[in-house]
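Structure first, commentary second.
2 protein chains.
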Amino acid sequence: MSETHKANLMDSTLNKPIRVGILGFGGLGQAAARVLAGKQEMIWVAAADKQGWAYNGTGLDPDRAIATYHNQGSLGYLEPAGTLSNNTIADLIENAAVDGYFLALPNLPNTFMASVARQFIQSGWRGVLVDALKRTSAVEQLLAMKDELQEAGITYMAGCGATPGLLTAAAAIAAQSYAEIHSVKITFGVGIANWEAYRATIREDIAHLPGYDVEQARQMSDADVEALLDQTNGILTLENMEHADDIMLELAGICSRDRVTVGGVVDTRNPKKPLSTNVQITGRTFEGKTSTHTFTLGDETSMAANVCGPAFGYLKAGISLHQRGLCGLLTAAEVMPHFVR
Amino acid sequence: MSETHKANLMDSTLNKPIRVGILGFGGLGQAAARVLAGKQEMIWVAAADKQGWAYNGTGLDPDRAIATYHNQGSLGYLEPAGTLSNNTIADLIENAAVDGYFLALPNLPNTFMASVARQFIQSGWRGVLVDALKRTSAVEQLLAMKDELQEAGITYMAGCGATPGLLTAAAAIAAQSYAEIHSVKITFGVGIANWEAYRATIREDIAHLPGYDVEQARQMSDADVEALLDQTNGILTLENMEHADDIMLELAGICSRDRVTVGGVVDTRNPKKPLSTNVQITGRTFEGKTSTHTFTLGDETSMAANVCGPAFGYLKAGISLHQRGLCGLLTAAEVMPHFVR
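In order, the protein sequence lines correspond to chains W and Z.
The first sequence begins at 1 in the numbering used here and counts up one residue at a time.
The second sequence begins at 1001 in the numbering used here and counts up one residue at a time.
What follows is the structure in structure tokens.
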């Protein structure tokens, strides 16, 4: 070893708050803004939606931003921080001083997250990107950009929401008791009072249903979605979903992706969860015993809490890695998130 | 940022197996040797007990080592790898080529782990040390040596067993859903068929009982322990234990140590666990809801599996950090363990 560095890799003493941007301002982006409002170690300075962006180096107000978005349809109308634009992400990157972005973007089309990552690479911006993407194929696209991200000086933290994210990390911890992992089974319950607050998320879920694909789901009108939900009494039951938990656990060396399954039940008409979200990790111990560890989320934690909390925890961890020059692609199964105060 | 390093901090591709030493060869040390026998990424090359040490750069055989220890009382009698010594740890450090040691040592006296760390510092050895210590005060002693460990080029991973360790890490992950953590409650169940296989561990547990302290427990003869266990029908019920999970979660910025409690039930006459080991993480979400996440270990995972697995997972993570020049003191709540294949 050539030299000793600062001792504590995970030292979380920050001199000044991390300046955070949010890309996408639907249900998830708005929840993220509210989560950040309670943090001393982070400051929400920037956001973009399809039609505009807003930036204030001393901080944006979530109440005003959300009201403007609801009333006028874009953050671009926010006074005086907003700007309307046909190229919102590129304009925001160029005009805002931001340490890390949370990509609270629709997962559809499935190439969208990678195309946004490419915009960041091309812009010359350096910092940390965190996503809460869901599909295995979306991580594969980012994985193919690993070297470019590294060369660009970007630390990209992929799959850092609830699942993949919180539950994948719990599975990675639980795996430590075993010599071999037989299965990782993720079962989620989501209850939302009003599906229209999560239009993009619900379309993504529909794309996982038998008989549907990503393109079909994307092209459904709100009326089409409403009609489908009327047929199912507002319930979406999902099995064997394409979910990036599998590739993330494989990349972390824990088990091959075919041993990871994800399914769940989404109730679009009831904020109460139809079942408790959990992950079961089954394996063989060194003594030859088969056993199952279970990590169960409390029903009172919302999807927003379980996605945005981890996303910012990984963003903080990513900033620490980035400050040490560690760039490229990492996932929630490989890095311990830091707690953001 | 001055330069870009190798992208993947957590890259777990190893050119050759990690050479592992085990200090202490009681129940835990022997289990550790058996765990390592199933690993391709690690090779067990060295061990020491009170009276002797053994070293073979191409690997030690757990069956022969354990038989020798049982039959003759020390690894020093192992042919041809063993050497009897009055200074086993220092002699082993000097004579063995080891990348990382698992300190499977008694926690009593409570200064023992820190005194062993000091021996490593004084020897000039550089590498990774992992312990499975239990008491808060033992971590405090190591914390006071943080700068010395760093200067010595040692990456010390503290509290990397089951609790603290596996359960602390799970709590650190679970905390991400919350804006504030109200409580972390760890409850463990341990069942062992024969307490005599874990003499040191049982004495440590007794030291937590009302009316006992560390010094009293240490001085108890086997007959004294037997007499106590006869009174309790072999059951030890432990509450509000001094356990390092508290300081580890505090150091990781998750909550103050007074919000962390540890207790459990140990059945010394039955391999079946008297209850399922679990950790409950209760907090307040950004929306003001109170909720509890629960991580429950499968009953079929033994104490040995839940301690040794994480210990080697953290050892592997520690090697990765050490190779990047990151030395000093870290805990299981700050670093994601790597899965050892």
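Each residue gets a CB set at the ideal place from its N, CA and C atoms; glycine is no exception.
Quick check on this structure: which residue in W/T163, W/P164, W/Q122, W/A117 has the alpha carbon closest to the alpha carbon of W/L143?
Your numbering for residue 143 of chain W matches position 143 in the first sequence. Considering only alpha carbons, the answer is W/A117.
Our contact map puts Z/N1278 next to Z/T1187 with C-beta atoms below 8 Å; I'd like the distance itself, whole angstroms only.
To locate residue 1278 of chain Z, count along the second sequence from 1; it is residue 278. To locate residue 1187 of chain Z, count along the second sequence from 1; it is residue 187. Contact annotation, Z/N1278 with Z/T1187: C-beta distance approximately 6 Å; criterion of less than 8 Å satisfied.
Less than 8 Å between the CB atoms is what I'm expecting for W/M42 and W/F312, so what's the real figure, rounded?
The residue you call residue 42 of chain W lines up with position 42 of the first sequence. The residue you call residue 312 of chain W lines up with position 312 of the first sequence. Contact holds; Cβ gap of about 6 Å.
I want to verify the contact list: residues of chain W whose CB lies under 9 Å from the CB of Z/N1240, in sequence order.
Taking the second sequence and counting its residues from 1, the one referred to as residue 1240 of chain Z is at position 240. Below the 9 Å Cβ cutoff, chain W contributes no neighbours of Z/N1240, its closest Cβ being approximately 24 Å away.
Quick one, which residues of the stretch 1016-1028 of chain Z are near chain W if we go by CB-CB under 9 Å, in chain order?
If you check each beta-carbon in the stretch 1016-1028 of chain Z against every beta-carbon of chain W, none falls closer than 9 Å.
DSSP three-state label for W/W125, please.
Taking the first residue of the first sequence as 1, we reach residue 125 of chain W at position 125. DSSP places W/W125 in coil when its eight states are reduced to three.
At which residues does the alpha helix (DSSP H) containing Z/N1071 begin and terminate?
In the second sequence, the residue the question calls residue 1071 of chain Z occupies position 71. Start and end: 1062-1072.
Can Z/G1283 and Z/E1180 be called in contact, C-beta distance under 8 Å?
Indexing the second sequence from 1 puts residue 1283 of chain Z at position 283. Indexing the second sequence from 1 puts residue 1180 of chain Z at position 180. Their beta carbons are under 8 Å apart, which means Z/G1283 touches Z/E1180 by this criterion.
Should W/A162 be labelled buried (16 or more other beta-carbon atoms within 10 Å of its own) or exposed?
The residue you call residue 162 of chain W lines up with position 162 of the first sequence. Classification of W/A162: buried, given that the 10 Å Cβ count is 16 or more.
Near W/K316, which residues of its chain fall below 6 Å by C-beta distance, leaving aside the five closest residues on each side in sequence?
Translated into the one-based positions of the first sequence, residue 316 of chain W becomes position 316. The residues are H338, V340.
For a contact meaning CB atoms closer than 9 Å, what does Z/T1343 contact in chain W?
Within the shown structure, residues of chain Z are numbered from 1001 to 1341, placing residue 1343 of chain Z beyond reach of any answer.
Establish whether the CB of W/A47 and some CB of chain Z are separated by less than 8 Å.
On the first sequence, residue 47 of chain W is found 47 positions in, with the first residue counted as 1. Taking Cβ atoms only, chain Z never reaches closer than 8 Å to W/A47, which makes this a no.
Using a Cβ-Cβ cut-off of 6 Å (strictly less than) and excluding sequence neighbours within five positions of Z/A1217, which residues of its own chain qualify?
As a position in the second sequence, residue 1217 of chain Z is number 217, starting the count at 1. Excluding sequence neighbours, Z/A1217 sits near R1203, I1206, A1207.
Buried or exposed for W/P80, going by 16 or more other Cβ atoms inside 10 Å?
On the first sequence, residue 80 of chain W is found 80 positions in, with the first residue counted as 1. The Cβ neighbour count for W/P80, taken over all protein chains shown within 10 Å, is under 16; the residue is labelled exposed.
Which chain W residues sit within Cβ distance under 9 Å of Z/A1114?
Here the question's residue 1114 of chain Z lines up with position 114 in the second sequence. Residues of chain W passing the Cβ test: none, with the nearest at roughly 17 Å.
So, helix, strand or coil for W/K39, using DSSP?
The sequence position of residue 39 of chain W within the first sequence is 39, counting from 1. Here W/K39 sits in coil by DSSP.
Please list the partners that W/F286 has in chain Z, where partner means a Cβ-to-Cβ separation under 7 Å.
Position 286 of the first sequence, counted from the start, is the residue given in the question as residue 286 of chain W. Going along chain Z in sequence order, the residues near W/F286 (Cβ under 7 Å) are R1034, V1035, G1038, A1305.
Fully enclosed by the stretch 1274-1341 of chain Z, which beta strand (DSSP E) runs are 3 residues long or longer?
1278-1284, 1290-1296, 1328-1331
Establish whether the CB of Z/R1343 and some CB of chain W are separated by less than 8 Å.
Look at the range of chain Z in this structure, 1001 to 1341, and you will see that residue 1343 of chain Z is not part of it.
Quick one: list the residues of chain W neighbouring Z/Y1178, beta-carbon separation under 7 Å, in chain order.
Along the second sequence, one-based indexing puts residue 1178 of chain Z at 178. Simply G309.
State the Cα-Cα distance for the pair Z/W1044 and Z/K1185, rounded to the nearest angstrom.
What you label residue 1044 of chain Z is simply residue 44 of the second sequence in a count that begins at 1. What you label residue 1185 of chain Z is simply residue 185 of the second sequence in a count that begins at 1. Roughly 35 Å between the two C-alpha positions.
I'd like to know whether the C-beta atoms of Z/T1136 and Z/H1243 end up nearer to each other than 8 Å.
Here the question's residue 1136 of chain Z lines up with position 136 in the second sequence. Here the question's residue 1243 of chain Z lines up with position 243 in the second sequence. Taking 8 Å as the Cβ cut-off, Z/T1136 and Z/H1243 qualify as a contacting pair.
Could you name the residues that DSSP lists as bridge partners for Z/S1183?
The residue labelled residue 1183 of chain Z in the question sits at position 183 within the second sequence. Beta-bridge pairing links Z/S1183 to Z/T1282.
Output, in chain order, the set of chain C residues within a Cβ distance shorter than 9 Å of W/I121.
Absent from the structure is chain C; the protein chains it does hold are W and Z.
Work out the CA separation of Z/I1089 and Z/Q1150 for me, nearest whole Å.
Translated into positions along the second sequence, residue 1150 of chain Z becomes position 150. Translated into positions along the second sequence, residue 1089 of chain Z becomes position 89. The alpha-carbon atoms of Z/Q1150 and Z/I1089 are separated by roughly 21 Å.
Report the neighbours of W/A65 on chain Z: residues whose CB is nearer than 7 Å to its CB, in chain order.
For the purposes of this step, residue 65 of chain W is taken as residue 65 along the first sequence, with counting starting at 1. Residues of chain Z passing the Cβ test: none, with the nearest at roughly 16 Å.
Are the C-beta atoms of Z/M1145 and some chain W residue less than 8 Å apart?
One-based indexing of the second sequence puts residue 1145 of chain Z at position 145. By this cut-off, Z/M1145 is not an interface position.
Would you say Z/A1172 reaches chain W, if we count a Cβ-Cβ gap shorter than 8 Å as a contact?
If you number the second sequence from 1, residue 1172 of chain Z lands on position 172. Output row for Z/A1172: interface = yes.
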